[in-house]
Amino acid sequence: MTQYPALYMIIDGERVSGGSRRTHAVVNPATGETIGELPLAEAADLDRALEVAAEGFRIWRNSTPQQRAAVLQGAARLMLERQEDLARIAVMEEGKTLPEARIEVMMNVGLFNFYAGEVFRLYGRTLVRPAGQRSTVTHEPVGPVAAFAPWNFPLGNPGRKLGAPIAAGCSVILKAAEETPASALGVLQCLLDAGLPKEVAQAVFGVPDEVSRHLLGSPIIRKLSFTGSTVVGKHLMRLAADNMLRTTMELGGHGPVMVFGDADIDKALDTMVASKFRNAGQVCVSPTRFIVEEDVFERFRDGFVERTSRIKVGNGLEDGVQMGPMANARRPEAMDRLIGDAKARGARLHTGGERVGNAGFFYAPSVLSEVPLDAAIMNEEPFGPVVMINPYAGEEAMIAEANRLPYGLAAYAWTDSAARQKRLAREVETGMLGLNTTMIGGADSPFGGVKWSGHGAEDGPEGVMACLVAKAVHEG
Ligand code: NAD
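In this text, residue positions in the sequence shown follow the numbering used here: the first is 885, and each later residue adds one.
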């Protein structure tokens, strides 16, 4: 049986913990019990990590594509071998179901293998010039990266944050969420065990604001990569501005789902209900605002309520559980506040709207309808197991609602009209659009948003390009 492991930071390949360092209690969200004590970095730890990252960049920028590919493929193989342990640890820290955690391992395996191929395609170009002259454009690794990963994909987020810089020839200091450190350490360990030089990737934990100010304030760091809320993302971009850092920002969303009368409604319901309650709705691309054409509104709402009320909630390690607890105590509090506000403003609550059990952070899958647009939940990312279903009169009004918010991460639409699909593809302001599907990601496809949802995609060739800078050399 998998035991929850001891916790530490990895600085210069060394496991660092203890001393007079402060600690953070890691809690199992299914029980509310403390399962580990995480050491938090002091300024001296961060300074050491920075010096090592500078050395790591000198080493890794000169690595060959073969070396990078070997490390990435080796780490992918090790993750596969360690899949069950990694997945169980992720469930203990974050609460999601075991099958979902196993999928996270597979996402990393796919991404690392994709990047292992991509490193051979980091081409430059030669420009047309008069005889005897030559101009070339090359793409060089940007430099040491400070990467901050949140808790909702405890394995997948660190995989993204580490994979792209390593493929590009950068070094990276990862600060994963203090709620889910062991998963992040497990992913990094696979890379180190696959032969990544110890200077190239390190893991620190700490008080987030202290760590980010320290790392982003250092002249050694050349890029910030952050996944998390828009509020924190804006704060970090301001810090990054002082050192003119490159940024990749994967921020919040408020996923609109347009359901048209010409769609296969049963398929839409089956697909969207399963997708919605994945990881208890704590997913940046989670469908949230259901924008339903009025002639199918009641059928869609009632079908959603009926399917939602059948979802089995429980400890993510138990067989047959479809939704685990929320990841931390802040999330059920946010649900109570947002759903309470919506009800007070006249929304109808059909199911859920309350906590489940006396231990841990469980919240019932919840469905609201006829929610006024001035309710907080129609404007703030809910990040939880709740949907809002509202009726609309026709395509124009539905697209206007989809585009109403400053977010633009993922959007979905259900329609059998090819002409309408084309119009939606053009008109919806989003980084990713799922037409009759919720499968909007893949190792080879850019994942990221527009507007307040951020910029600079992860995954795909774009993920590696975001860690490279162009250099033009002109020879007379
Ligand atoms: P939060 O905004 O305080 O934290 C989000 C993440 O950012 C956490 O991992 C946290 O450790 C990190 N963070 C916070 N302040 C930081 C700082 N100064 N420097 C570096 N990292 C920092 O909120 P939370 O309560 O953890 O999560 C709630 C909200 O965060 C959600 O409502 C959602 O909008 C957003 N979120 C988004 C994603 C995503 O995938 N885009 C993931 C997790 C959380």
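The beta-carbon is built from N, C-alpha and C at its ideal position, and this holds for glycine as well.
Source: prediction; values computed, not measured.
Checklist entry - Can you tell me whether MET1128 is buried or exposed, with buried defined as 16 or more other CB within 10 angstroms of its CB? => result Label assigned to MET1128: exposed.
Item to check | Continuous alpha helix (DSSP H) stretch holding TRP944: start and end | outcome: Counting along the chain, the alpha helix (DSSP H) containing TRP944 begins and ends at 927-944.
Item to check | Counted within 10 angstroms of its Cβ, other Cβ atoms place ARG1232 as buried (16 or more) or exposed | outcome: Counting every other CB atom within 10 Å of its CB across the protein chains shown gives ARG1232 a total below 16, marking it as exposed.
Checklist entry - Ends of the alpha helix (DSSP H) at SER1096? => result For SER1096, the uninterrupted alpha helix (DSSP H) run begins and ends at 1092-1100, by DSSP.
Item to check | Given ALA1277 as reference, the closest of GLY1145, ARG966 and ILE1104 once Cα atoms are compared | outcome: GLY1145
Checklist entry - So, are the CB atoms of ALA1259 and ARG1229 less than 8 Å apart? => result It is a contact, given that the beta carbons lie within the stated cut-off.
Item to check | Identity of the residue in GLY1070, ALA1124, GLN1166 and GLY1333 nearest ALA974 by Cα | outcome: GLY1070
Checklist entry - Measuring CA to CA, which of THR1022, PRO949 and SER904 is closest to VAL1357? => result THR1022
Checklist entry - Which value, in whole angstroms, describes the spacing of the CA atoms of THR1322 and GLU988? => result 16 Å
Checklist entry - Do GLU1285 and PRO1140 come within 8 Å of each other at the CB atom, strictly closer than that value? => result Closer than 8 Å, so yes.
Checklist entry - So what does DSSP say about PHE1174, is it helix, strand or coil? => result strand
Item to check | One or two residues paired with ALA1341 in a DSSP bridge | outcome: Paired residue(s): none; ALA1341 is not in a bridge.
Checklist entry - Where does LEU1293 land, buried or exposed, given buried means 16+ other C-beta within 10 angstroms? => result buried
Checklist entry - Out of curiosity, what's the CA-to-CA distance linking ASP929 and ILE895? => result 8 Å
Checklist entry - Contact check, VAL1169 vs ILE1324 under 8 Å by CB: the rounded distance? => result Between ILE1324 and VAL1169 the Cβ distance is about 6 Å, and since that is below 8 Å, they are a contact.
Checklist entry - Is GLY1360 near the ligand NAD, with its Cβ less than 7 Å from a heavy atom? => result no
Next on the checklist: Following a CB-centred definition, is CYS1168 positioned closer than 7 Å to any heavy atom of the ligand NAD?
Outcome noted: Flag set: Cβ of CYS1168 near the ligand NAD.
Checklist entry - CB GLY1117 to CB GLY1338, shorter than 8 Å? => result yes
Checklist entry - How would you label LEU1034, buried or exposed, when you count the other beta carbons within 10 angstroms and need 16 or more for buried? => result Checking the sequence, you will find Pro at residue 1034 rather than Leu. It is buried - the Cβ of PRO1034 has at least 16 other Cβ atoms within 10 Å.
Next on the checklist: Among the candidates LYS980, TRP944, GLY903 and MET885, whose CA atom is the shortest distance from the CA of ALA1211?
Outcome noted: LYS980
Item to check | Short Cβ contact (8 Å threshold) for ASP1328 with GLY1315 | outcome: no
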